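Asker:
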Amino acid sequence: MTLPPIDIGRDEAADAAARELARPIYHDDRGLIATIFDWIVERIADLIAVAADATPGGYLSLLVLLAVLVAAIVVIRLRIGSVGRSTYGAQELFSGGPVPAAEHRREADAFAARGEWAEAVRSRMRAIVRGLEERDLLDVRPGRTADEAAREAGAVLPQCATDLRAAAAVFDDVWYGERPATQEMDAQLRAVDAAVARARPAIRA
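The numbers in the working numbering rise by one with no breaks, and the one at position 166 of the sequence shown is 166.
#1: Candidates Arg-179, Pro-180, Ala-153 and Gln-159: which alpha carbon is nearest Ile-128's?
#2: First and last residue of the alpha helix (DSSP H) that includes Arg-190?
#3: Measure from the alpha carbon of Ala-202 to the alpha carbon of each residue in Ala-191, Glu-134 and Cys-160, then state which is nearest.
#4: Using the Cβ count rule (16 or more neighbours within 10 Å means buried), how would you classify Asp-136?
#5: DSSP on Arg-165, reduced to helix/strand/coil?
#6: Tell me, please, whether the region 183-198 touches the region 113-120 by the rule of three or more beta-carbon pairs shorter than 8 Å.
#7: Give me the Cβ distance between Met-146 and Ala-112, rounded to the nearest whole Å; I'm assuming they're in contact under 8 Å.
#8: Tell me whether the beta-carbon of Val-174 lies closer than 8 Å to the beta-carbon of Gly-131.
#9: With a 10 Å radius around its C-beta and 16 neighbouring C-beta atoms as the bar for buried, classify Arg-200 as buried or exposed.
#10: Please return the same chain residues whose Cβ sits closer than 6 Å to the Cβ of Val-156, not counting the five positions on each side in sequence.
#11: Is DSSP giving Gly-143 helix, strand or coil here?
#12: Verify whether the separation of the beta carbon atoms of Phe-171 and Val-121 is less than 8 Å.
#13: So for Val-99, helix, strand or coil by DSSP?
#14: Let me make sure I understand the geometry here. Which of Asp-38, Ile-44, Glu-42 and Ala-102 has the alpha-carbon closest to that of Ala-194?
#15: Identify whether Pro-201 lies in helix, strand or coil by the three-state DSSP scheme.
#16: Excluding the 5 residues preceding and the 5 following Arg-105 in the sequence, name in chain order all residues of the same chain whose CB lies nearer than 6 Å to its CB.
#17: Below 7 Å CB to CB, which residues in the same chain sit around Ser-123 once its five sequence neighbours on both sides are set aside?
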């Protein structure tokens, strides 16, 4: 059965594309990449409008162009997410003045009791690093990131190196990769905190 032709004018196609592209999911304030993203989206919208105007009833052509639009949006948004994580993942772990590890642990427990898993993960990671500083296994350095702390502590406590890297990865995923935090993540960092607290530095000959 042959489908009846669909006559879509230029103005109608442009309006439809504008409404679709105005949806919040297509926008992200990430600087240069977001600007490039917006430019590409606008060019694709222009192509859709031109196609609709030049080929009335071009149903198949519009479907192909829409598929290209969706593919471009998916690829670019994945790229934005990747760049965002690499940029934000370099931010420092601590803010403000020094807080004892015990206080960070109390905060983590309180957040976990309320089901605020992201905050619990952050406080627990801070407790791990501050605890290492209090034991003089890491020097006190306010600008240190979670990844740097995990790498440096892993050299001092090689038996915990893998767990420390995993904990830092969870922290980055939650706070800079926009991954939803879970109770399992909190439990993972809680176990790493306990293991690191028990560990003793390797004796060098």
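C-beta atoms are modelled at their ideal positions from N, C-alpha and C, and glycine is treated no differently.
These numbers come from a predicted model, not from an experiment.
Answerer: The short version:
#1: Locating residue 128 in the sequence shown gives position 128, counting from the first residue. Checking every option, the nearest Cα to that of Ile-128 belongs to Ala-153.
#2: Numbered from 1 along the sequence shown, position 190 holds the residue referred to as residue 190. 183-198 is the span of the alpha helix (DSSP H), which, as asked, contains Arg-190.
#3: For the purposes of this step, residue 202 is taken as the residue at position 202 of the sequence shown. The shortest C-alpha separation from Ala-202 is found at Cys-160.
#4: Residue mapping note: residue 136 aligns to position 136 of the sequence shown, counting from 1. That one is exposed.
#5: Position 165 of the sequence shown holds residue 165. DSSP places Arg-165 in helix when its eight states are reduced to three.
#6: yes
#7: Taking the first residue of the sequence shown as position 1, residue 146 is located at position 146. Taking the first residue of the sequence shown as position 1, residue 112 is located at position 112. Residue identity check: residue 146 is Ala in the sequence provided, not Met. Incorrect: roughly 19 Å between the Cβ atoms, too far for contact.
#8: Position 174 of the sequence shown, counted from the first residue, corresponds to residue 174. Position 131 of the sequence shown, counted from the first residue, corresponds to residue 131. For Val-174 and Gly-131, no; Cβs fall outside 8 Å.
#9: Numbered from 1 along the sequence shown, position 200 holds the residue referred to as residue 200. Classification of Arg-200: exposed, given that the 10 Å Cβ count is below 16.
#10: Here residue 156 corresponds to residue number 156 of the sequence shown, with the count starting at 1. Within the same chain, Val-156 has close Cβ partners Leu-137 and Pro-201.
#11: As a first step, residue 143 must be located in the sequence shown, where it is residue number 143. Gly-143 falls in the coil class under three-state DSSP.
#12: Here residue 171 refers to the residue found at position 171 when the sequence shown is read from its first residue. Here residue 121 refers to the residue found at position 121 when the sequence shown is read from its first residue. Yes, the Cβ-Cβ distance between Phe-171 and Val-121 is below 8 Å.
#13: As a first step, residue 99 is located in the sequence shown; it is residue number 99 there, counting from the start. Correct three-state label for Val-99: coil.
#14: Walking along the sequence shown from the start, residue 194 turns up at place 194. Measuring from the Cα of Ala-194, the nearest candidate turns out to be Ala-102.
#15: For this step, residue 201 is matched to residue 201 along the sequence shown. Three-state result, Pro-201: coil.
#16: Translated into positions along the sequence shown, residue 105 becomes position 105. Counting only Cβ-Cβ distances below 6 Å, and skipping sequence neighbours, we find Ala-127.
#17: Taking the sequence shown and counting its residues from 1, the one referred to as residue 123 is at position 123. Once the five neighbours on either side are set aside, the close Cβ partners of Ser-123 are His-104, Glu-107, Ala-108 and Phe-111.
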